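Chemist:
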Amino acid sequence: MVLKSCRIALEWVVAVIAGLALLAAFGLFWLSREPLPVDFVKPYIEAALSSDDGVKVEVGGTQLVWAGWGSRIEVAGQDWKVIGADGRRLLTIPDASIQLSLSALLDGQVAPTAITLRGLHISLLRRPDGRFTFGKLPAAEGEAQPDTLPDSGQIAGAQAEQSALQLLFSELRDKPDPNNPFAQLANVTIVRASALMIDQRLKVIWRAPNVDLKILRDTAGVSATGSATIALGDKRSRLDLTMTEVAGSPGLETVINVDSLEPAALAAVLPDAKALQGISGALHGRVGMTLAEDGRPSETVLELSSDRITLDLPDRLEQPLAVNDLAIEAHGGGLDDPFVLDKLSGSLAPAAGGGSGPAFSVEAIVDPQPSVFEVKLMAEIRDLPAQDLKLYWPKGVGGNGRPWVIENITAGEVTSATLSTSLSVDRDSHEIQSIGSFGGRFRYQGLEVHYLRPLPPLTDATGSAAYDLKGLDFTVEQAQRDDIKISNGGISIFGLEGHDHRISIVFDADGPLKQALTLLAHPRLDLLGNLGIDPAAASGTFHDKVSFAFPLVADLTFEQIQVGVEGKVADAGLKGGVAGYDLDKGQFDLKLDGKGLKATGTATLAGIPLKSVTWSESFEAVKTPTRVTAAAPAVQVSQLTAFGLDAGDFARGALSLKLDIAADHHGSSRIGLSANLQQVSARIPTLDWEKPSGKPGTLSAVMSIDKGSLTRIADLAVDLGDDRAHGEIGFAKGGGIARIAFDQLAVAHNSVTGLVVTPLDGGGYAVSVQTGTLDLAPLLGTRPEDQTPEAKAAAAAAAASQRKSGPPYLPLKLDAPSLSRVRLAEGRSLEAVSLQLVRDRRGWQLIKAQAQIPRSLWRHKNRQVAEDAQVAEKSMSVFYRPEADGTYRFELFADDIGATLRALGWIDSIEGGKGEIVGTLPGPLPDSPLNGRIETKGFRVVNAPAMAKLLTVASLTGIGNLLSGEGIEFDRAVGKFTLADDRITTPLFRAYGSSLGITAKGQIDLEGAETDVSGTLVPAYSVNRILGEIPILGKLLTGGEGEGILGVTYRVSGRIDDPDVSVNPLSILAPGFLRGLFSVPKPGGGQADELDDVFPSGEIGR
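Under the UniProt record's numbering, think of the first position of the sequence shown as 1, with each following residue one higher.
(1) Note the first and the last residue of the continuous alpha helix (DSSP H) segment covering Lys-514.
(2) Please work out which residues of its chain come closer than 6 angstroms, Cβ to Cβ, to Leu-1077, disregarding the five sequence neighbours upstream and downstream, and give them in chain order.
(3) For Ala-158, count neighbouring C-beta atoms within 10 Å of its own C-beta (all shown protein chains included) and say buried if the count is 16 or more, exposed if not.
(4) Tell me the DSSP secondary structure of Tyr-992 in three-state form.
(5) Would you call the segment 573-580 and the segment 547-558 touching, i.e. three or more CB-CB distances under 8 angstroms?
(6) I'd like the list of long-range same chain contacts for Ala-651, defined as Cβ closer than 6 angstroms, with 5 residues on each side in sequence excluded.
(7) If I'm right that Gly-332 touches Arg-308 with Cβ under 8 angstroms, what's the distance once you round it to whole angstroms?
(8) Have a look at Thr-219 and Glu-245 and give me their C-alpha separation to the nearest angstrom.
(9) Please identify the residue among Gln-319, Leu-341, Arg-316 and Gly-334 whose C-alpha is closest to the C-alpha of Glu-303.
(10) Taking the straight line between their C-alpha atoms, what separation do you get for Glu-380 and Gly-226?
(11) Does Trp-906 pass the burial test, meaning 16 or more other C-beta atoms within 10 Å, or should it be called exposed?
(12) Based on the DSSP output, what are the partners of Phe-588 in its beta bridges?
(13) Closest to Gly-672 by CA distance: which of Leu-645, Ala-632, Ser-709 and Ala-714 is it?
(14) Let me know the secondary structure DSSP gives Arg-783 once reduced to three states.
(15) Can you tell me where the beta strand (DSSP E) with Thr-978 in it begins and where it stops?
(16) For the alpha helix (DSSP H) that contains Ala-267, what are its first and last residues?
(17) Can you tell me whether Leu-925 is buried or exposed, with buried defined as 16 or more other CB within 10 angstroms of its CB?
(18) Where does the unbroken beta strand (DSSP E) through Lys-691 begin, and where does it stop?
(19) With which residues is Arg-821 paired in a DSSP beta bridge?
(20) For Ser-32, name the three-state secondary structure that DSSP assigns.
(21) Rounded to whole angstroms, how far is the Cβ of Arg-724 from the Cβ of Ala-746, which I believe are closer than 8 angstroms?
(22) Compute the Euclidean distance between the alpha carbons of Phe-588 and Ala-632, then round it to the nearest angstrom.
(23) Between Asp-868, Ala-741, Thr-782 and Leu-780, which lies nearest to Gln-770 when the distance is taken from Cα to Cα?
(24) Glu-497 by DSSP, collapsed to three states: which one?
(25) Leu-296: buried (16+ other C-beta within 10 angstroms of its C-beta) or exposed?
(26) Excluding the 5 residues flanking Ser-237 on each side, which residues of the same chain have their C-beta closer than 8 angstroms to its C-beta?
(27) With 16 other CB atoms within 10 Å as the buried threshold, where does Thr-557 fall?
(28) First and last residue of the alpha helix (DSSP H) that includes Ala-48?
(29) Give the single residue among Trp-844, Gly-727 and Ala-851 whose Cα lies nearest to the Cα of Leu-835.
(30) Roughly how many whole angstroms lie between the Cα atoms of Val-841 and Met-703?
(31) Which first and last residues belong to the beta strand (DSSP E) in which Leu-745 is found?
(32) Would Ala-894 and Gly-915 qualify as a contact pair, given that the criterion is a beta-carbon distance under 8 angstroms?
(33) Please report the distance separating the alpha-carbon of Val-75 from that of Leu-124.
(34) With respect to the beta strand (DSSP E) encompassing Lys-874, which residues constitute its N-terminal and C-terminal limits?
(35) Leaving out five residues on either side along the sequence, give the residues of the same chain with a beta carbon under 7 angstroms from the beta carbon of Ala-537.
(36) Gln-889 bridges to which residues according to DSSP?
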């Protein structure tokens, strides 16, 4: 019975369960087709969801909803409202569903385990301090969303109460309370929500038209995942959110994954991010934060990247740039804690091109302060092509340094560059308030640097550089300029903090001198343009430190450029470079600036070794000549021919020389020279002058040179003690002397002033002498050394050669109007001489001379005679000129013929006598014979050895004794002669006085110093004259005119200095008409010539 009852009960239970199952199956089927209204549960739900502090939930329609197998049954509702304690609506939920705890329902409680909110409008407020608040704002109520930030009243009202969402999230974060209906709530899902956040900190309104969020709570804590689409103007960016709160942790760990965030889109929202408008491309990455309860972060980690973004910033960049492989890493603490940019890296390339360019990395620290952000930034870029600097160097950074670098560094590579800066940025305006530091360094290689266009650039420059706000400093380790090697260089751009921006360039340069001069001659510098220096003519090498300095201005002038060169030049050569002379073997220390050049050292000029060389050039606007001074310790006289000074055989030996050269910029030069002549020997035979080696002496002169030709020697001064000279020499174009002028010349026995020698047209010279003393003894051969047999033979040969050569002669004009003295030989001279000579190519055309006879020559051996004291002066004159008929006339007049002949060195045994010599020549001297007549009156013959010998041989010793005393007086002498080929021939010469009469005829060979003269001696000439007056008998007794009763025929022949004298003793007493029978025969047996009547028949002295 019991078993039967059990069976019946089990069957009922099964039937009930089966019925319930069928009923449940039917209900689920029904729910799956459409929601089941259950409005009767609204009061329970409202009661369960409302709080004790007056916040109530009003539920609209409610339904049971089942989405099918695999899902739970939910209670869904529409138009849910959350009402605040003051009766205001805090939140409207268009669509919501909840899952209830079954166990709580069995206990009679409504306890949701999951809530889903759909179509929710969420309002957030981010306060200036960074705290987040869910607020009640108009946009949250479905009203028109604001385009501008709400006013302070609206914001204050929204902050007055906490929102329902904030309460809900607080419930989730709190520890579950069994008495709280939300104690079993484990899942809150927000679907298709929209959000609006008023960001007072950034002063912007953020909008998210689509937000999905799922919040889970378990025993470990609260976590959330979700996504949001952020509206950035007309762009959308998706954010994926993950949040985790572990029980006991200080905050909510949040990770936001960013996908396709376009920086340019942020510029449409952020008022202070306008600069982002030029950045196109998308960023991807994550932001990790630890959020406090009020939404403020305490820790932040940022990781973003992009395959490629483009920077199109016309105000900053020359053209758009692409940033490839961009990576950003950063971290920070709270909003007012420092934010650290750990890494910002990538590579740059022109946006229009492809591939990758220089790599860069950036690190930064942003430290928020009450009013500013203190920023420290460090950056590095690598492998930057120098020609692309203008692409990567932002405009406006570096003042005038940027345009100079971009324009003048045109090739090469910056291998690495760093930047370090600290600055203060205003927190509100985001403008830079101050820059604490700004600078960096970079290394480069292979640069091409234009330091002063259009000068050729430096190439292959390698080195490093440093820069700051004040300037930019390049260190050039090495570079090249053609064959010039550059090292230890520096380029400094400074003054960038102000308005006076300048550049300074310094470097060491080694290379060929030719290329250095080519650089200085470049039109941009034009330092050699007016110096006459041809770089092509240069050789040698240099090692210099070069510097340039000038302002960074567009219209730079040469006057604004400071140029400096200091160094050494080795083995320098410059053809025609110094006053037209070649310079070689130069070893110089060099200094150069914008004002001029100075070189000191040693060199060889025109083959002459020089020491203590100083070479100066001026670059001033008012050009000054090139100046070269030097010393030559040992110069052979023969080497001076390089300067156009050919001493020939005149001088030999070595002299020490000092040069002072000044060359203008038109090919004209002046060479001042001074020389020590102590080791020089010199000789001028024609002046009977010699300077032995060892005798002190100096020479100085100023040589003028025009385009390589010697034009003048001025201030020529020679000082040899007693011998001195001062004057100048001018030279004609093409060579030859144009003028010689000595205001003082004292050589040997010559001492003149105002000596001028000029060339004549057609050849020859004109010579003028103002005053002074001339020594003609060397020219006349009257020196003692000229009297040796060898000297006489040489002089005779030279005279014969000259006669044989004949015309044409060298034309000569001599004008010496006021010579004080003319020396003819030792002890013989003329005084107060006026001399005028003219010779053309045919011979002498004019001889005009006047002179006074020195008193010491008036008497033989300067014997004193009382009557001479009464005479003031004795003069003589010579006049030679052409006549109208083509002949020439010669005249010599003398107040004292004896003194004149004594002065001329012809005869020393005649005293007194006024005489003249006149004659004619068929042609000019010296090739035409002179046919003349000589006459003198009132003279005396004294101390005449030849006549004494003649008188002795003729046994006229009484008369001969007079010669050694007062002399033999003659009243008159007259005769004719012919002078030709240094031979005097006379047909008859007669002289007579009271004691003696004499006739002579024959010839004297002046060149051979031989004579052959014959004649008659008539003693007691006065008696003979009286007898001759007897008619008929006188003629027979005296032999006619020129004879006498007493007479001796004679013959003088042989050497003039020791002649042979012979007389015919039978002729002494023979009557005059018979005396011819006893004439002395000529050598060779010929009969003597018959003598003409030579003595006057009238009164004596007629």
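Ideal Cβ positions, reconstructed from N, Cα and C, are used throughout, including at glycine. Note that the structure is a prediction, hence the values are computed from the model and not measured.
Modeler: Taking the coordinates as given:
(1) 513-520
(2) The predicted model places Leu-1077 with a pLDDT of 38, which falls under 50 and marks its position as unreliable; any figure quoted below should be read in that light. Taken in chain order, the list of residues that qualify is empty.
(3) Below a pLDDT of 50, predicted positions are generally treated as unreliable, and Ala-158, at 46, falls in that range; no measurement from the model is reported.
(4) strand
(5) no
(6) Val-637, Val-680 and Ala-682
(7) Not quite, the Cβ-Cβ distance comes to about 27 angstroms (not below 8 angstroms), so this is no contact.
(8) 11 angstroms
(9) Leu-341
(10) 38 angstroms
(11) exposed
(12) Val-569 and Gly-601
(13) Ala-714
(14) coil
(15) 968-980
(16) 263-267
(17) buried
(18) 689-691
(19) According to DSSP, Arg-821 bridges with Thr-773 and Glu-831.
(20) Low confidence applies to Ser-32: its pLDDT is 49, below 50, so where it sits in the model is not reliable enough to give any reading.
(21) 5 angstroms
(22) 16 angstroms
(23) Ala-741
(24) coil
(25) Note on identity: in this sequence residue 296 is Arg, with Leu being the wrong assignment. The residue is buried, with at least 16 neighbouring Cβ atoms inside 10 Å.
(26) Thr-229, Ile-230, Val-258, Asp-259, Ser-260, Leu-261, Glu-262 and Ala-265
(27) exposed
(28) 42-49
(29) The residue from Trp-844, Gly-727 and Ala-851 with its alpha-carbon nearest to that of Leu-835 is Ala-851.
(30) The residue you asked about is not Val; residue 841 is Arg in the sequence shown. The alpha-carbon atoms of Arg-841 and Met-703 are separated by roughly 33 angstroms.
(31) 737-747
(32) yes
(33) 28 angstroms
(34) Per DSSP, Lys-874 belongs to no beta strand (DSSP E) and is neither H nor E.
(35) Leu-574, Lys-575, Gly-576 and Gly-577
(36) According to the sequence shown, residue 889 is Arg rather than Gln. Per DSSP, Arg-881 and Thr-920.
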